[in-house]
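The letter at position 56 of the sequence shown is residue 289 when you use my numbering, and the numbering goes up by one with no holes. Backbone N, C-alpha and C fix where the C-beta goes; we use that ideal spot for every residue, glycine too.
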Amino acid sequence: MQFVLLGFSDLPNLQGFLFAVFSVAYIIILIGNIIIIAITIMDPALQKPMYFFLANFSCLEICYVSVTVPKILFNIEIRNRNISIMSCATQLCFFLIFGTTECFLLAVMSYDRYVAICNPLHYILIMNPNKCTHLAVFSWLGGIPVQIGQTCQIFSLHFCNSNQIDHFFCDIPPILKLACGDTSVHELSVYVVVMVVAAFPFILVLTSYSKIILTILSLPTAKGRAKAFSTCSSHLLVVVLFYGSATVTYLRPKSMHSPGTDKLLSLFYTIVTPMFNPLIYSLRNKEVITALKRLFLKA
Numbered sequence: 234m235q236f237v238l239l240g241f242s243d244l245p246n247l248q249g250f251l252f253a254v255f256s257v258a259y260i261i262i263l264i265g266n267i268i269i270i271a272i273t274i275m276d277p278a279l280q281k282p283m284y285f286f287l288a289n290f291s292c293l294e295i296c297y298v299s300v301t302v303p304k305i306l307f308n309i310e311i312r313n314r315n316i317s318i319m320s321c322a323t324q325l326c327f328f329l330i331f332g333t334t335e336c337f338l339l340a341v342m343s344y345d346r347y348v349a350i351c352n353p354l355h356y357i358l359i360m361n362p363n364k365c366t367h368l369a370v371f372s373w374l375g376g377i378p379v380q381i382g383q384t385c386q387i388f389s390l391h392f393c394n395s396n397q398i399d400h401f402f403c404d405i406p407p408i409l410k411l412a413c414g415d416t417s418v419h420e421l422s423v424y425v426v427v428m429v430v431a432a433f434p435f436i437l438v439l440t441s442y443s444k445i446i447l448t449i450l451s452l453p454t455a456k457g458r459a460k461a462f463s464t465c466s467s468h469l470l471v472v473v474l475f476y477g478s479a480t481v482t483y484l485r486p487k488s489m490h491s492p493g494t495d496k497l498l499s500l501f502y503t504i505v506t507p508m509f510n511p512l513i514y515s516l517r518n519k520e521v522i523t524a525l526k527r528l529f530l531k532a
């Protein structure tokens, strides 16, 4: 009736250090994203489609990391690594739903930048409030039926190999390792879902940025090209880290999974990219910095 999340129990001398690292990362993620949500709501200059999606993205990042990090901190501090099957299924389901939302939202944000840079004269017309709302709602809700179905399918398996999950949260690869018998059908369903909710949006992101880069190359001034390239390269780095680590994790065959590699890869899409997203997407933006100054001056 219970699983045991082994987490980082193989590093007993580093428990205090790990607790501090995860705590600091979680606080940075919370504060950075809460500030972004606040200024996009309060500052009239940021009432634009780009910042509407950015506020959604910041809200998502808070939800996304809150599914896993508090449980990690609890396990490290209390040293009680037990988790019921229902709690494990709930954690996995919400993690997959928010992960799918992030994939969709990153694709939507890249499309928004594509329209703004490649078709600026029609930007307001194309990215109207109604369309922005529909894109945001689809990003949040589009993956729910698929991921609930996938979670139910995985937890309909019989587990007899062990009850120890060699990971720091309930994720698909380590859970499938505990299942009895042949899981090839379930692995195939995971591949199909990943292709739909991660690989396809990733292709859309790359396509958008390819067209953006071609447009940037036609800019008349070197300064304009350098500024645009700086922004695009930062966005692409975060996107590649998130999509790349997640895709490699879920598309590898079960026989190729190892606990150490899985933990390392999952750190990128659960902690590292959410921690850098506020900096990359917002705090390098002059309009956001100006809005922050206005906010602090009012305070």
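Please list, in chain order, all residues of the same chain as residue i whose beta carbon is under 7 Å from its beta carbon, the five residues on each side excluded.
{"i": "I275", "result": "Going by the sequence as given, residue 275 is Met instead of Ile. Excluding sequence neighbours, M275 sits near L528."}
{"i": "D345", "result": "P282, M283, F286 and M360"}
{"i": "T506", "result": "V471, L474 and F475"}
Should residue i and residue j be called a contact, given that it needs their Cβ atoms to be closer than 8 Å?
{"i": "C326", "j": "Q380", "result": "yes"}
{"i": "L238", "j": "R314", "result": "yes"}
{"i": "L340", "j": "V427", "result": "The residue you asked about is not Leu; residue 340 is Ala in the sequence shown. No."}
{"i": "M508", "j": "I262", "result": "yes"}
{"i": "Y347", "j": "V298", "result": "no"}
{"i": "L374", "j": "F331", "result": "no"}
{"i": "I573", "j": "Q235", "result": "With the chain running from 234 to 532 in the structure shown, residue 573 is simply not present."}
{"i": "L358", "j": "A524", "result": "no"}
{"i": "V423", "j": "G376", "result": "no"}
{"i": "Y483", "j": "S343", "result": "no"}
For residue i, collect the residues of the same chain with a Cβ closer than 8 Å to its Cβ; drop the 5 residues on either side in sequence, then sort them by chain order.
{"i": "T301", "result": "Q324, F328, F401, F402 and T503"}
{"i": "K281", "result": "none"}
{"i": "A369", "result": "F285, F286, N289, L338 and V341"}
{"i": "V481", "result": "L498"}
Excluding the 5 residues preceding and the 5 following residue i in the sequence, name in chain order all residues of the same chain whose CB lies nearer than 6 Å to its CB.
{"i": "S291", "result": "N266, I269 and I270"}
{"i": "R485", "result": "none"}
{"i": "C413", "result": "H391 and C393"}
Could you say which of the options lies nearest to residue i if we only look at CA atoms?
{"i": "L497", "options": "P486, Y514, N510 and L474", "result": "L474"}
{"i": "S491", "options": "K519, K410, E520 and I513", "result": "K410"}
{"i": "P245", "options": "V481, S443, R312 and S256", "result": "R312"}
{"i": "N308", "options": "Y476, L354, S242 and A479", "result": "S242"}
{"i": "S499", "options": "M234, G240 and F236", "result": "G240"}
{"i": "S451", "options": "P362, C351, I264 and Q248", "result": "C351"}
{"i": "D415", "options": "P303, D399, C393 and V429", "result": "C393"}
{"i": "S320", "options": "Y442, D404, K526 and Q248", "result": "D404"}
{"i": "I408", "options": "C365, D495 and I272", "result": "D495"}
{"i": "K444", "options": "V254, A349, F255 and L247", "result": "A349"}
{"i": "N518", "options": "Y356, T273 and P378", "result": "T273"}
Based on the DSSP secondary-structure assignment, which residues constitute the bridge partners of residue i?
{"i": "N315", "result": "V237"}
{"i": "F392", "result": "A412"}
{"i": "V397", "result": "With the sequence shown as reference, residue 397 is identified as Gln, and Val is not the correct amino acid for it. Q397 pairs with V237."}
Determine whether the Cβ of residue i lies closer than 8 Å to any Cβ atom of chain D.
{"i": "L497", "result": "Here chain D cannot be found, since the structure has a single protein chain."}
The segment 336-343 in contact with the segment 426-438 per 3-pair CB rule at 8 Å: In the pairwise beta carbon analysis, the segment 336-343 is classified as touching the segment 426-438: at least three pairs are separated by under 8 Å.
Cβ contact (3+ pairs, closer than 8 Å) linking the segment 381-390 and the segment 406-423: Counting C-beta pairs with one atom in each stretch, the segment 381-390 and the segment 406-423 have three or more that are closer than 8 Å, which means they touch.
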